[in-house]
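If you're matching positions, the sequence shown starts at 96 in my numbering and goes up one per residue.
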Amino acid sequence: MDKHRIYTTGEKTSRWYKISITSTKKKRILNLGKNTVSGGYKFTIYKKGKKKAIKTIKVTGNANAKIAKMPKKKGTYYIRISKLTKKTNGTYEIGYY
């Protein structure tokens, strides 16, 4: 999965993506990146049916990308992407390997 999306200053809602892990033997890595004019993004990972987040990763400032390991347990996971500031404007990228 490779997603490149634009987020504008006028948008207020978060965006959601679904990932299914079918094998416990493979390592799954999320590559989270940004190319913003201002602000940054918050990537939050949830397991299906749970309200508590597994991980929260903030990509801000000079950091253009961060890497996060997904849990090894089989199941469905959701990634929530939200802006850190009202002025966040630019693109984000999710790579799942």
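Beta carbons are placed, not taken as given, at the ideal position from N, Cα and C, and that holds for glycine.
Leaving out five residues before and five after residue i in sequence, what residues of the same chain have Cβ atoms less than 8 angstroms from its Cβ?
i	result
T119	K167, K168 and K169
Y172	K113, I114, S115, I116, I140, Y141, K142, K143, I149, M165 and P166
T103	N184
Secondary structure at residue i, three-state DSSP: helix, strand or coil?
i	result
G170	strand
I149	coil
Y192	coil
S133	strand
G185	strand
A158	coil
T139	strand
L127	strand
S118	coil
Within 10 angstroms of the Cβ of residue i, are there 16 or more other Cβ atoms? Answer buried if so, exposed if not.
i	result
V154	buried
T131	buried
Excluding the 5 residues preceding and the 5 following residue i in the sequence, name in chain order all residues of the same chain whose CB lies nearer than 7 angstroms to its CB.
i	result
I152	L127, F138, K161 and A163
Leaving out the 5 sequence neighbours to the left and right, which residues in its chain are closer than 6 angstroms to residue i when beta-carbon positions are compared?
i	result
I101	T186
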